[in-house]
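Chemist: Numbering (the numbering used here), first residue to last: 1 to 290.
#1: Relative to the C-alpha of residue 96, which candidate in 36, 69, 135 has its C-alpha closest?
#2: Within 10 Å of its beta-carbon, does residue 262 have 16 or more other beta-carbons around it, so buried, or fewer, so exposed?
#3: Report the rounded CA-to-CA distance for residue 91 versus residue 58, giving the unit in angstroms.
#4: Report the start-end ranges of each beta strand (DSSP E) in the region 32-101 that is 3 residues or longer and not cut off at the edges.
#5: With a CB to CB cut of under 6 Å and the five nearest residues on each side skipped, what residues in its chain are close to residue 158?
#6: If distances are taken between C-alpha atoms only, which option among 219, 121, 73 comes closest to residue 245?
#7: What is the DSSP secondary structure of residue 209, reduced to helix, strand or coil?
#8: Cα-Cα, which of 230, 275, 239 is closest to residue 247?
#9: At which residues does the beta strand (DSSP E) containing residue 123 begin and terminate?
#10: Would you report the Cα separation of residue 271 and residue 47, rounded to the nearest angstrom?
#11: What runs of the beta strand (DSSP E), each 3 residues or longer, lie entirely inside the region 215-243?
#12: Under DSSP, the beta strand (DSSP E) around residue 170 begins and ends at which residues?
Listed below in structure tokens is the structure:
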């Protein structure tokens with residue numbers, strides 16, 4: 001198993017931009033950990049990032065698809081596009097987060113849709129994306145595809161996102177009376193096929209929270225690719241996070257490693273970002289100040 005540890009900790013002497021950003025996040029009451037594993041795949045088609053700018057945290061995970069080369073490029077373009085948006089025109093507050101995500105996702109979608117191979121032919125590559133913007137005690141989220149965002153609060157864990165796949169379309173058609181149960185069951189064999197993803201061209205579905213979510217102390221937000229929830233169920237995920245205590249680096253790493261350990265089939269690429277909200281103006285320890 002090959003893995004990459006992207007957990008960030010504050011060193012004794014802060015010298016880099018990322019380290020200063022991490023210190024500022026901690027001062028604002030946000031603690032972040034990130035981890036990714038290759039699993040048993042030949043290439044890493046997941047990509048993730050967390051960025052701090054203008055008093056706002058962006059955390060995002062992309063899961064690429066469309067063949068080895070295409071999947072890698074699509075997820076990387078998705079993440080790089082969000083990074084550029086965060087650097088050059090970050091939202092000023094969580095209230096602006098939904099529109100910011102729609103515009104950034106649309107930009108990433110267009111860039112990935114334009115990918116061509118060495119023959120100049122469209123690659124038809126794509127990527128899912130889940131993203132969170134947090135700051136000033138509020139959080140906005142966005143989703144395209146079937147990666148997930150969880151919110152853990154007061155001993156309960158909820159899935160905030162829905163899966164943009166054919167199952168969703170079938171259920172909507174069934175609820176409208178356009179198909180019956182027999183037809184729904186027959187078509188379900190294709191249920192996991194995505195109906196919205198970065199690179200599809202036009203993004204038929206983008207989900208965000210209707211209004212920003214007010215964060216409470218000790219809230220934990222998890223962003224993950226499908227390699228996590230297709231191996232670990234919700235109860236296992238919650239237990240691992242709770243047993244990791246307050247350390248989000250440990251939580252993200254243990255989730256990925258347990259997914260690999262418990263996989264009954266070939267483990268997919270798996271990426272997790274864990275964000276813990278301590279509370280605004282959280283006390284920064286003397287060790288972190290030094």
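C-beta: ideal position from N, C-alpha, C; glycine also. Model, not experiment: these values are computed from the prediction.
Modeler: From the atom records:
#1: The residue labelled residue 96 in the question sits at position 96 within the chain shown. Checking every option, the nearest Cα to that of residue 96 belongs to 135.
#2: Here residue 262 corresponds to residue number 262 of the chain shown, with the count starting at 1. Label assigned to residue 262: exposed.
#3: Taking the first residue of the chain shown as 1, we reach residue 91 at position 91. Taking the first residue of the chain shown as 1, we reach residue 58 at position 58. One C-alpha to the other measures close to 10 Å.
#4: 46-53, 56-65
#5: For the purposes of this step, residue 158 is taken as residue 158 along the chain shown, with counting starting at 1. Non-local beta-carbon contacts of residue 158 in its own chain, meaning distances under 6 Å to residues more than five positions away in sequence, involve 151 in chain order.
#6: Sequence index remark: in the chain shown, residue 245 carries index 245 (1-based). Cα-wise, what sits closest to residue 245 is 219.
#7: Taking the first residue of the chain shown as position 1, residue 209 is located at position 209. Residue 209 sits in coil when the DSSP states are folded into three classes, being neither helix nor strand.
#8: For the purposes of this step, residue 247 is taken as the residue at position 247 of the chain shown. Closest option to residue 247, Cα to Cα, is 275.
#9: Walking along the chain shown from the start, residue 123 turns up at place 123. Where residue 123 is concerned, there is no enclosing beta strand (DSSP E), given that its DSSP letter is neither H nor E.
#10: Along the chain shown, read from residue 1 onward, the residue named residue 271 stands at position 271. Along the chain shown, read from residue 1 onward, the residue named residue 47 stands at position 47. Going from the Cα of residue 271 to the Cα of residue 47 covers about 7 Å.
#11: 219-224
#12: Taking the first residue of the chain shown as position 1, residue 170 is located at position 170. Here residue 170 belongs to no beta strand (DSSP E); instead the alpha helix (DSSP H) covers 166-175.
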